[in-house]
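Protein chains in written order, with our numbering: chain A, -1 to 324; chain B, -12 to 280.
Below is the structure:
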């Protein structure tokens, strides 16, 4: 890691001029992508943007705060259906999306209460129970799930003369960019430092004056807010919702993305999102192999590279920076 | 009143299978502090092996024994080839739990690949449709067999853990690993044995669940999660707790399904998990949490 000399430097998002160039080039590349890429790549990228939001949220919870959660599908479902019902009442999408996040965040606080007493494996089971309970409530309640036909959502109409697929791409790109910036700022602020302190040693953190109750619940609220937003956006992209989109497999998918991308890293979350989506695209002809690939990757990552894809990327960068010296 | 006893009896039959699943989970948690997320998938794989062998016209006893052995060997291979290398590289406890999740995903994919996703009926020597009738309460041969085998297995397991030298070694290993190593107990083999036994109990539960639930690659997901709930209800650290928890959960669920609402019968188990964890995290029979600062 780099040497940081002042607090101002700590708050900076990008510390080296060359990094600024590379990040700028990457953003420009993403902005120009629809001009030359075929449509299916644009669509895949759109889905990756949506996923990266929720996975960043989960990384805040799992990677930074160290609270294991398997309830992601529940928050996704709550966010998505809140958004769906509100949009059917004709409420404009920014308010709907915000309410989706807030509703999921509220339930996140509820699901976070066990975290005040429970640790590690026990917390994992409590959140797992929450996720599945939410799924079953939606499956069994036609009022909430919109009945057998599912819940239809009015898709957004393209503006500025863009085609629908390009409009979707830019729309979700901007939202994902916004949330990525928010995540970076949360991490480098006092909130992020409190999260990390809780992860490393919660008792020491409490002694240092971190209010455990407040920050643990805040971590749950923020991560569920992100996941709820992902749910709402996903519903908006698909145009319809049904409870079977939010099974336990969905929780596993997000969790796998966090682990494979790399715990406690924003770049890792985005890489994890890309990995999960790309594997599903590549193996779309043989869907049964998707869990096998996920499983094997998890085994390899945890045994050989506990920092995930981001750790590998970081080591490669370090290697080239110091090349030919080691 | 007849209704009530009917619910209790059918609850006991499901509860016996939950107890078997929970016993395996508790055994592994007690000895290696790992939540075994692949338990359900190992069970599914073992049951599919039995199904395939029965397709080759093997005798029931032989096919079931081979399936049980397959599950046990699979779990031991996982312990030796994945968990031990991970522990050598100082994987965290969370990391080891995620490793079992990875194994579960792999097995799930392979079962779908080679077993197919269609729902199949599982041939079984006991029938679900032939019934006994005792004073108005109807019980099928299968349910009676499940209760019988469940209780018998629990008894045998109790004898193994409490009355034999291997059981003593298992208890010592779970009580204090370094001390057990110092006393010359081959802890690694004992732990591998625990994993194998747990998988064996799981596959046994799977074999009795398959004829009632019909066989498909996801048939174990719900019983597995219920087993989790049962283990937590009884206390993850306690083996008798797992049995008691399983039976209580089975009966409570059946009563809730009968008297409250059949649609929310399954949600009930997860509410139980959250409530138990909030009120008494150590479970009914578990010891209290102690934490050193």
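Even glycine gets a Cβ: it sits at the ideal position worked out from N, Cα and C.
Note that this is a predicted model, so its numbers are computed, not measured.
At the C-beta level, residue 271 of chain B and residue 233 of chain B stay beyond 8 Å of one another. Chain order gives the chain A residues near residue 264 of chain B as 112, 115, 116, 120, 121, 123, 124 and 127, where near means a beta carbon separation below 9 Å. The C-beta separation of residue 43 of chain A from residue 31 of chain A comes to about 7 Å, placing the pair in contact by the 8 Å criterion. For residue 143 of chain A, the enclosing alpha helix (DSSP H) covers residues 140 to 143. Contact between the region 177 to 185 of chain B and the region 297 to 310 of chain A is absent, with fewer than three C-beta pairs closer than 8 Å.
Nearest to residue 302 of chain A by alpha-carbon distance, out of A:260, A:321, A:273 and A:289, is A:260.
One finds nothing in chain A with a Cβ atom closer than 8 Å to the Cβ of residue 210 of chain B; even the nearest lies about 13 Å away.
Within chain A, the residues 115, 116 and 120 have their CB atoms less than 7 Å from the CB of residue 268 of chain B, given in chain order. Here DSSP, grouped into helix, strand and coil, assigns residue 119 of chain B to strand. For residue 92 of chain B, the closest C-alpha among the options B:145, B:154 and B:27 is that of B:27. Neighbours of residue 69 of chain B across chain A, judged by C-beta separation under 8 Å: 297 and 301. In the displayed model, residue 152 of chain A falls within coil according to three-state DSSP, outside both helix and strand. Judged by their CB atoms, residue 191 of chain B and residue 7 of chain B are nearer to each other than the 8 Å cut-off. Looking at the DSSP output, residue 124 of chain B sits in a beta bridge with B:121. The beta-carbon of residue 134 of chain A is placed less than 8 Å from the nearest beta-carbon of chain B. Between residue 229 of chain A and chain B, the shortest Cβ-Cβ separation is not below 8 Å. Annotated three-state conformation of residue 10 of chain A is coil, per DSSP.
Within the region 261 to 282 of chain A, no residue has a Cβ lying closer than 8 Å to any Cβ of chain B. Every alpha helix (DSSP H) stretch that sits fully inside the region 125 to 169 of chain B and reaches 4 residues is listed by chain position as 128 to 150, 152 to 162 and 164 to 169. Residues of chain B whose Cβ lies closer than 8 Å to the Cβ of residue 287 of chain A are, in chain order, 96 and 100.
Excluding its 5 nearest sequence neighbours in each direction, residue 1 of chain B has C-beta neighbours in its own chain below 6 Å: 237, listed in chain order. Counting the other Cβ atoms within 10 Å of the Cβ of residue 161 of chain A gives fewer than 16, which makes it exposed. Counting every other CB atom within 10 Å of its CB across the protein chains shown gives residue 166 of chain B a total below 16, marking it as exposed.
Excluding residues up to 5 positions away in sequence, 201 and 203 lie with their Cβ nearer than 6 Å to the Cβ of residue 106 of chain B in the same chain. Counting only the Cα atoms, residue 153 of chain B lies some 48 Å from residue 216 of chain A. For a Cβ distance threshold of 7 Å, nothing in chain B lies close to residue 79 of chain A: the least Cβ distance comes to about 17 Å. In the DSSP assignment, residue 251 of chain A falls within the alpha helix (DSSP H) that extends over 246 to 259. At least one CB atom of chain A sits nearer than 8 Å to the CB of residue 82 of chain B. Annotation: residue 21 of chain A has no Cβ neighbours in chain B at a cutoff of 7 Å; minimum Cβ distance is about 30 Å. For secondary structure counted as the alpha helix (DSSP H) over 4 or more consecutive residues, the region 5 to 50 of chain B holds these complete runs in sequence order: 26 to 42.
Under the Cβ distance rule, residue 133 of chain B does not count among the residues neighbouring chain A, no pair being separated by less than 8 Å. Residue 159 of chain B and residue 139 of chain B have their C-alpha atoms roughly 25 Å apart.
In this structure, residue 193 of chain B places its C-beta atom within 8 Å of the C-beta atom of residue 34 of chain B.
Taking C-alpha positions only, residue 186 of chain B is separated from residue 11 of chain A by approximately 49 Å. Within the region 231 to 245 of chain A, no residue places its CB atom closer than 7 Å to a CB of chain B.
Secondary structure of residue 65 of chain A (DSSP, three-state): coil.
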